[in-house]
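Each residue of the sequence shown is one higher than the one before, counting from 354 in this note's numbering. Read through the structure below, which is laid out as structure tokens, and then see the notes.
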Amino acid sequence: MTRTPVNVTVTGAAGQIGYALLFRIASGQLLGADVPVRLRLLEIPQGLKAAEGTAMELDDCAFPLLQGIDITDDPNVAFDGANVALLVGARPRTKGMERGDLLEANGGIFKPQGKAINDRAADDIKVLVVGNPANTNALIAQAAAPDVPAERFTAMTRLDHNRALSQLAAKTGAPVSEIKRLTIWGNHSATQYPDVFHAEIAGKNAAEVIDDQAWLADTFIPTVAKRGAAIIEARGASSAASAANAAIDHIHTWVNGTAEGDWTSMGIPSDGSYGVPEGLISSFPVTCKGGTYEIVQGLDVNEFSRSRIDASVKELEEEREAVRGLGLI
Ligand SMILES: NC(=O)C1=CN([C@@H]2O[C@H](COP(=O)(O)OP(=O)(O)OC[C@H]3O[C@@H](n4cnc5c(N)ncnc54)[C@H](O)[C@@H]3O)[C@@H](O)[C@H]2O)C=CC1
Ligand SMILES: O=C([O-])CC(=O)C(=O)O
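Here's what the structure looks like:
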């Protein structure tokens, strides 16, 4: 194999998403079946031993594309020459923790990681933040990386997008492959807005095919928005394999493009489109081509959608104010 390997850094590598993610990256599902990769695993000191165990298992798979694995607790080493960074490791909310405490604890993780990306990553670095609160953690990392183009910092709403596709398929009986142009707007939180008004099911407008406004408002939207909590309730642990799958989808689409006539959802820095204040990392409908993305423009936003997008964006603004108040951005 003559092609230079792509350096993929994964933080929180010893966690449950990491375990579901690394084998798929090493097998070629992230970047393509002909793209060799070198993995850089970042963990906190207590996680290093488990990460070493995972690396042993990766070795035991004898993946032809895997050109090396480095394990470290130093962000400057982990992000050195990184082309793709998956920021998965985060401080989970624990009992009695206030929202401000959570943002502050995550600031302690994402600010130094953003700085290390700024100082060490390759010029073509693409960053996906998975660790919650993903949109605001992405904002913190981005603010600490002033030399990296702002649009390289993205947050994951692809899991929400995939959840919404699946719910629509179950409701209408259409295969997932026939559902296009769905959008998740806003924050990766319970305020997110899964929008079907521009979606198509087998070429027909999804809202018209469903023709059930009450189901959309009272079943579909809350089911998608609260799916993460429902999984935690059922599994006793948060989504891991589906989150890893969505992370693979997010980067794969960003690098390889969206299909003609379709789009996806990504948390990206707003350029002010659709009234979302500039700079907020909010989910939008995007098309990807040649390793870049663009917000889909010109969609009509009806009153029902407007109020829901505004509510989620308001939450993002509050999170931004909170981290600003903490001096994190
Ligand atoms: N955006 C999304 O759609 C989703 C986001 N998530 C979020 O993803 C995150 C990870 O989830 P899990 O893997 O299930 O958690 P986990 O707790 O199993 O693993 C997290 C790992 O991160 C490591 N870690 C903590 N601080 C770190 C640091 N500073 N540097 C490097 N590693 C660090 C921990 O040692 C641990 O191994 C959580 O914040 C979760 O809420 C989960 C599902 C979906
Ligand atoms: O709340 C969590 O940790 C899990 C999460 O983001 C999701 O499943 O969407």
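Using N, Cα and C, we set each Cβ at its ideal position, and we do this for glycine too. Please read these numbers as outputs of a predicted model, since none were measured by experiment.
For R661, no beta strand (DSSP E) segment is defined; the enclosing uninterrupted segment is the alpha helix (DSSP H) at E656 to G678. Between V390 and L440, the CB-CB gap reaches or exceeds 9 Å. Take the alpha-carbon of Y627 and the one of L392: they are about 38 Å apart.
Bounds of any beta strand (DSSP E) do not take in M509, whose DSSP letter is neither H nor E. Here M450 is exposed, its C-beta having fewer than 16 other C-beta atoms within 10 Å. Inclusion of S618 and P638 in the CB contact set at 9 Å is warranted, their separation being smaller than that value. The Cβ atoms of V480 and T507 sit closer than 9 Å to each other. Setting aside the 5 residues that flank it on each side, G381 is surrounded in the same chain by L418, each with a C-beta closer than 6 Å to its C-beta; the list follows chain order. With a threshold of 8 Å, the Cβ atom of M509 counts as near ligand 1, since some heavy atom of the ligand is closer than that. Secondary-structure assignment with DSSP links W538 through a beta bridge to Y546. For the set N515, K579 and A523, the Cα lying nearest the Cα of A597 is the one of N515. C-alpha of L384 to C-alpha of I574: approximately 32 Å in a straight line. If you draw a straight line from the Cα of R473 to the Cα of G434, it is about 6 Å long. In chain order, A675 and V676 place their CB closer than 6 Å to the CB of L456, counting only its own chain and leaving out the 5 sequence neighbours on each side. Around the CB of T447, fewer than 16 other CB atoms lie within 10 Å, so the residue is classed as exposed. For Q495, the secondary structure class from DSSP, reduced to helix, strand or coil, is helix. In this structure A487 is not in contact with G365, their Cβ atoms being roughly 12 Å apart against a cut-off of 8 Å. Under the DSSP definition of a beta bridge, R393 partners with T362 and D423.
In the three-state reduction of the DSSP assignment, G620 falls in the strand class. Just measuring C-alpha positions, the residue of V529, F416, S635 and N609 sitting nearest H541 is S635. Residue nearest to D500 within the set L492, K468 and I378 is K468 (criterion: CA-CA distance).
Taking 8 Å as the cut-off, the C-beta of H541 counts as close to a heavy atom of ligand 1.
Listed in chain order, the non-local C-beta contacts of V430 below 6 Å within the same chain number zero, local neighbours out to five positions each way being set aside.
As DSSP reads the structure, T645 sits in a beta bridge with K642.
Only residues of its own chain outside the window of five on either side were considered, and among them L395, P465, Q466 and A469 have a CB closer than 7 Å to the CB of P428, listed in chain order.
R356 places its beta carbon 9 Å or farther from that of I601. Distance between Q545 and F657, taken at the CA atoms: about 13 Å. Distances taken from the Cβ of V361 to the heavy atoms of ligand 1 include none shorter than 8 Å. In the displayed model, L440 falls within a strand according to three-state DSSP. For K402, the uninterrupted alpha helix (DSSP H) segment begins and ends at L401 to C414.
In this structure, I682 sits near L492, with a CB-CB distance shorter than 9 Å.
In terms of side-chain proximity, the C-beta atom of S636 is found no nearer than 8 Å to any non-hydrogen atom of ligand 1. In this structure, A517 has its beta carbon at no less than 8 Å from each heavy atom of ligand 2.
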